[in-house]
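Sequential numbering from 1 applies to the sequence shown in UniProt numbering.
We put the beta carbon where it would ideally sit given N, CA and C, even for glycine.
All figures in this text were calculated on a predicted structure; none of them were measured in a lab.
Everything below concerns the one structure shown next.
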Amino acid sequence: MDDITALILDDHHAFRRGFARLDDAKDDRELAAIWNQLGTHLEIHAEAEEEILYPHLLKRGEPGEAEEETEDAIRDHNKIRDAIVESRRHRVGSDEWWKAVWAARTENSEHLAEEEDEALPDFRKHASVELRAELARKWLVFYGEHPCAMGLKIQDKDPQKYIEEHE
(Lines of atoms letter the chains of each structure in order from A and count residues from 1; the text may use other names and numbers.)
(Lines give C-alpha, C1' and ligand atoms only; values in the text may rest on other atoms or scores of the structure.)
Protein backbone atom coordinates (compact mmCIF):
# COMPACT_ATOMS: atom_id res chain seq x y z
CA MET A 1 0.00 0.00 0.00
CA ASP A 2 1.38 3.40 -0.98
CA ASP A 3 1.66 6.19 1.57
CA ILE A 4 1.63 9.84 0.51
CA THR A 5 4.58 10.63 2.76
CA ALA A 6 6.64 7.90 1.09
CA LEU A 7 5.73 9.24 -2.36
CA ILE A 8 6.76 12.74 -1.28
CA LEU A 9 10.08 11.39 0.00
CA ASP A 10 10.58 9.61 -3.35
CA ASP A 11 10.21 12.98 -5.07
CA HIS A 12 12.64 14.57 -2.62
CA HIS A 13 15.21 11.94 -3.49
CA ALA A 14 14.61 12.58 -7.20
CA PHE A 15 15.20 16.31 -6.67
CA ARG A 16 18.50 15.68 -4.93
CA ARG A 17 19.57 13.37 -7.78
CA GLY A 18 18.46 15.95 -10.35
CA PHE A 19 20.55 18.72 -8.81
CA ALA A 20 23.51 16.32 -8.61
CA ARG A 21 23.06 15.57 -12.31
CA LEU A 22 23.39 19.29 -13.05
CA ASP A 23 26.77 19.16 -11.30
CA ASP A 24 27.86 16.40 -13.69
CA ALA A 25 26.47 17.87 -16.92
CA LYS A 26 29.09 18.25 -19.66
CA ASP A 27 27.51 21.00 -21.76
CA ASP A 28 24.59 23.40 -22.04
CA ARG A 29 22.48 20.87 -23.93
CA GLU A 30 22.73 18.44 -21.01
CA LEU A 31 22.09 21.26 -18.53
CA ALA A 32 18.93 22.28 -20.39
CA ALA A 33 17.63 18.71 -20.60
CA ILE A 34 18.21 18.06 -16.90
CA TRP A 35 16.91 21.43 -15.73
CA ASN A 36 13.78 21.43 -17.89
CA GLN A 37 12.70 18.13 -16.39
CA LEU A 38 13.79 18.99 -12.85
CA GLY A 39 12.18 22.44 -12.87
CA THR A 40 8.90 21.04 -14.13
CA HIS A 41 8.99 18.24 -11.55
CA LEU A 42 9.57 20.80 -8.77
CA GLU A 43 6.56 22.80 -9.98
CA ILE A 44 4.26 19.77 -10.21
CA HIS A 45 5.39 18.58 -6.78
CA ALA A 46 4.62 21.93 -5.15
CA GLU A 47 1.18 22.02 -6.74
CA ALA A 48 0.47 18.44 -5.65
CA GLU A 49 1.50 19.16 -2.06
CA GLU A 50 -0.64 22.29 -1.99
CA GLU A 51 -3.66 20.46 -3.37
CA ILE A 52 -3.36 17.14 -1.54
CA LEU A 53 -1.08 17.19 1.52
CA TYR A 54 -1.25 20.59 3.16
CA PRO A 55 -5.05 20.92 3.36
CA HIS A 56 -5.08 17.67 5.36
CA LEU A 57 -2.12 18.71 7.51
CA LEU A 58 -3.99 21.88 8.44
CA LYS A 59 -7.01 19.84 9.54
CA ARG A 60 -5.13 17.07 11.34
CA GLY A 61 -1.71 18.36 12.33
CA GLU A 62 -0.68 19.70 15.70
CA PRO A 63 -2.64 22.95 16.26
CA GLY A 64 -0.43 25.98 15.72
CA GLU A 65 2.41 23.90 14.30
CA ALA A 66 0.45 22.74 11.25
CA GLU A 67 -0.36 26.34 10.32
CA GLU A 68 3.29 27.37 10.71
CA GLU A 69 4.52 24.35 8.72
CA THR A 70 2.02 25.08 5.95
CA GLU A 71 2.83 28.79 5.81
CA ASP A 72 6.52 27.95 5.64
CA ALA A 73 5.96 25.41 2.85
CA ILE A 74 3.90 27.81 0.74
CA ARG A 75 6.57 30.51 1.12
CA ASP A 76 9.27 27.98 0.16
CA HIS A 77 7.27 26.82 -2.87
CA ASN A 78 6.88 30.44 -3.97
CA LYS A 79 10.64 31.04 -3.73
CA ILE A 80 11.39 27.86 -5.68
CA ARG A 81 8.82 28.76 -8.37
CA ASP A 82 10.25 32.28 -8.61
CA ALA A 83 13.77 30.93 -9.08
CA ILE A 84 12.59 28.55 -11.80
CA VAL A 85 10.84 31.41 -13.61
CA GLU A 86 13.99 33.52 -13.28
CA SER A 87 16.15 30.73 -14.73
CA ARG A 88 13.93 30.64 -17.81
CA ARG A 89 14.74 34.29 -18.51
CA HIS A 90 18.41 33.49 -19.11
CA ARG A 91 20.54 31.49 -21.48
CA VAL A 92 21.21 28.02 -20.10
CA GLY A 93 24.67 27.86 -18.56
CA SER A 94 25.07 31.64 -18.22
CA ASP A 95 26.03 33.17 -14.89
CA GLU A 96 22.50 34.54 -14.47
CA TRP A 97 21.00 31.13 -15.21
CA TRP A 98 23.28 29.45 -12.67
CA LYS A 99 22.40 32.09 -10.08
CA ALA A 100 18.68 31.33 -10.51
CA VAL A 101 19.23 27.56 -10.52
CA TRP A 102 21.36 27.87 -7.39
CA ALA A 103 18.59 29.88 -5.71
CA ALA A 104 16.11 27.11 -6.55
CA ARG A 105 18.52 24.49 -5.25
CA THR A 106 19.17 26.33 -1.99
CA GLU A 107 15.50 27.01 -1.34
CA ASN A 108 14.60 23.45 -2.24
CA SER A 109 17.24 21.99 0.08
CA GLU A 110 15.96 24.08 2.98
CA HIS A 111 12.36 23.17 2.17
CA LEU A 112 13.06 19.44 2.00
CA ALA A 113 14.83 19.47 5.35
CA GLU A 114 12.02 21.40 7.05
CA GLU A 115 9.32 19.25 5.51
CA GLU A 116 11.09 16.00 6.36
CA ASP A 117 11.82 17.09 9.93
CA GLU A 118 8.54 18.87 10.72
CA ALA A 119 5.53 18.64 8.39
CA LEU A 120 5.78 14.98 7.37
CA PRO A 121 6.33 13.65 10.91
CA ASP A 122 3.45 15.83 12.12
CA PHE A 123 1.21 14.44 9.40
CA ARG A 124 2.26 10.82 10.06
CA LYS A 125 1.47 11.23 13.78
CA HIS A 126 -2.03 12.57 13.15
CA ALA A 127 -3.22 10.89 9.93
CA SER A 128 -4.47 7.33 9.74
CA VAL A 129 -2.78 4.77 7.54
CA GLU A 130 -5.99 4.65 5.51
CA LEU A 131 -5.93 8.40 4.88
CA ARG A 132 -2.26 8.29 3.93
CA ALA A 133 -3.06 5.52 1.42
CA GLU A 134 -6.06 7.44 0.04
CA LEU A 135 -3.94 10.56 -0.43
CA ALA A 136 -1.23 8.47 -2.10
CA ARG A 137 -3.78 7.36 -4.67
CA LYS A 138 -4.80 10.99 -5.21
CA TRP A 139 -1.12 11.93 -5.55
CA LEU A 140 -0.57 9.33 -8.27
CA VAL A 141 -3.71 10.43 -10.12
CA PHE A 142 -2.63 14.09 -9.85
CA TYR A 143 0.72 13.29 -11.49
CA GLY A 144 -1.00 11.20 -14.16
CA GLU A 145 -3.47 13.97 -14.95
CA HIS A 146 -0.77 16.64 -15.21
CA PRO A 147 2.12 15.26 -17.26
CA CYS A 148 4.70 17.97 -17.89
CA ALA A 149 2.51 20.26 -15.70
CA MET A 150 -0.24 20.29 -18.34
CA GLY A 151 -3.39 21.90 -17.03
CA LEU A 152 -1.74 23.38 -13.95
CA LYS A 153 -1.76 27.07 -13.20
CA ILE A 154 1.72 27.48 -11.77
CA GLN A 155 1.75 30.64 -9.70
CA ASP A 156 2.71 31.93 -6.29
CA LYS A 157 0.14 31.73 -3.53
CA ASP A 158 -0.47 33.99 -0.56
CA PRO A 159 0.33 31.78 2.46
CA GLN A 160 -2.22 33.41 4.80
CA LYS A 161 -4.99 33.27 2.23
CA TYR A 162 -4.12 29.63 1.49
CA ILE A 163 -4.37 28.72 5.18
CA GLU A 164 -7.69 30.55 5.58
CA GLU A 165 -9.13 28.76 2.55
CA HIS A 166 -8.03 25.29 3.70
CA GLU A 167 -8.52 25.30 7.47
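Exercise. What residue does the alpha helix (DSSP H) around Val-85 start on, and which one ends it?
Worked result: 65-87
Exercise. Mapping DSSP to helix, strand and coil, what is Gly-39?
Worked result: helix
Problem set entry | Cβ-based burial, Arg-91 [other Cβ within 10 Å; buried from 16] | exposed
Problem set entry | CA-to-CA distance, Ile-163 to Asp-10, given in whole angstroms | 26 angstroms
Problem set entry | DSSP state of Glu-164 mapped onto helix, strand, coil | helix
Problem set entry | Pair within 8 angstroms by beta-carbon distance, Leu-38 and Phe-123 | Not closer than 8 angstroms, so no.
Problem set entry | Sequence-distant residues of the same chain with beta carbon closer than 7 angstroms to Asn-108, five excluded per side | Cβ within range, chain order: Phe-15, Leu-42, Ile-80.
Problem set entry | Residue from Gly-151, Asp-158, Glu-114, Thr-5 whose Cα sits closest to the Cα of Ile-52 | Nearest option by C-alpha distance: Thr-5.
Problem set entry | Three CB pairs or more closer than 8 angstroms across the segment 134-144 and the segment 63-73 | no
For this session: Give the C-beta separation of Leu-120 and Ile-8 to the nearest angstrom, bearing in mind that I take them to be a contact with Cβ-Cβ under 8 angstroms.
Result: 7 angstroms
For this session: Check the C-beta distance from Asp-76 over to His-111 and give it rounded, since I have them as a contact under 8 angstroms.
Result: So it is a contact: roughly 4 angstroms between Cβ atoms.
For this session: Taking residue 187 and Glu-47 to be in contact with their CB atoms under 8 angstroms, please state how far apart those CB atoms are, rounded to whole angstroms.
Result: Since the first residue of the chain shown is 1 and the last is 167, residue 187 is not available in this structure.
Exercise. Lys-59 lies in the alpha helix (DSSP H); which residues open and close that run?
Worked result: 54-60
Exercise. Cβ of Tyr-54 within 8 angstroms of Cβ of His-166?
Worked result: yes
Exercise. Hey, how far is the Cα of Lys-26 from the Cα of Ala-100?
Worked result: The straight-line gap from Cα to Cα measures roughly 19 angstroms.
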